[in-house]
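Enquirer: Each residue of the sequence shown is one higher than the last, beginning at 96 in the working numbering.
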Amino acid sequence: MTFPQSAEKLDDLLNAFRPVEALSWNEAKEALMRAARFNEANANAVEKVLGLAQEADCFEAALWKEIGSVLNCSGQYFLSQRAYYNAYAISPDEMELKHALVYTFRQLKDHEKAIRLYSAKLVGDPDDLSAIEKLANSFFESRNFFEAAFFYQLYLAKRPGDPLKEKQLNEAQKSSVARNKKYENLITFFRGIIKLSNS
């Protein structure tokens, strides 16, 4: 992935996005624990970050950047960008931090593209397991947990007994707070397809 090299162009890109809400410590801790559970490879990184946080008198830019990095690695891009913004508010001139923010923005945009792509594939073939799986993963990684749970359930209905998908479904259900109105028509459409195929 290539990035603009000049600080001015990076600033233009960052300024094109709406201000992002700061990430609280409680939210960060929950997200870090989710990262450790969901991806065991992150467990050591999470332990390190939590240790740094305990030792810190306050959250410095470097610590928020570390939190953003761990969340990025576990696909929690919405929370990651908020952690990076916490760091950016403290240290707005750091180039590496600007690159990390732009990367995260692009990842979020990629999820939107993926959701449109795999939704279209499923309309053409409602039994496409690969599209169902990738759609569920895209919803999960973009923190649309209600929608992710719906498609993980659909996947498991067609291929029951998959331990990884059961784990992902459980995680999505635990994290689901509310549905995203933007995707209501999509969920309604696929519910209709399921009813038709079961009738």
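All residues carry an ideal CB built from backbone N, CA and C; glycine is no exception.
1) Taking residue 255 as part of the alpha helix (DSSP H), name the residues at either end of that continuous run.
2) Relative to the C-alpha of residue 117, which candidate in 146, 127, 180 and 132 has its C-alpha closest?
3) What residue range is occupied by the uninterrupted alpha helix (DSSP H) comprising residue 276?
4) For residue 287, which of 126, 221, 169 and 156 has the nearest alpha-carbon?
5) Helix, strand or coil: which one does DSSP assign to residue 285?
6) So the candidates are 165, 261 and 249; which of them puts its Cα closest to the Cα of residue 128?
7) According to the neighbour-count rule (16 or more other Cβ atoms, all chains shown, within 10 Å of its Cβ), is residue 160 buried or exposed?
8) Would you mind giving the Cβ-Cβ distance between residue 210 and residue 225, rounded to the nearest angstrom? I have them listed as a contact below 8 Å.
9) What is the C-beta distance between residue 267 and residue 250, in whole angstroms, given that I count them as a contact (C-beta under 8 Å)?
10) Can you give me the C-alpha to C-alpha distance between residue 194 and residue 187, rounded to a whole angstrom?
11) Which stretch, first to last residue, makes up the alpha helix (DSSP H) that contains residue 157?
12) CB-CB under 6 Å to residue 274, same chain, minus the five flanking residues each way: which ones, in chain order?
13) For residue 124 and residue 207, what's the separation of their Cα atoms in angstroms?
14) With DSSP run on the structure shown, which of helix, strand or coil describes residue 214?
Expert: Looking at the atomic coordinates:
1) That residue, residue 255, is in no alpha helix (DSSP H); it is neither H nor E in DSSP.
2) Minimum Cα-Cα distance from residue 117 among the listed residues 146, 127, 180 and 132 corresponds to 180.
3) First-last for residue 276: undefined, no H or E at that position.
4) Per the Cα distances, 221.
5) In the structure shown, residue 285 sits in a helix (DSSP, three-state: H, G or I).
6) Closest option to residue 128, Cα to Cα, is 165.
7) The residue is buried, with at least 16 neighbouring Cβ atoms inside 10 Å.
8) Not really, about 15 Å apart at Cβ, beyond 8 Å.
9) No, residue 267 and residue 250 are not in contact; Cβ-Cβ is about 11 Å, not under 8 Å.
10) Pairing residue 194 with residue 187, the inter-Cα distance amounts to about 12 Å.
11) That run of the alpha helix (DSSP H) goes 156 to 168.
12) Result list for residue 274: 241, in chain order.
13) Rounded to whole angstroms, residue 124 to residue 207 spans 26 Å at the Cα level.
14) Here residue 214 sits in helix by DSSP.
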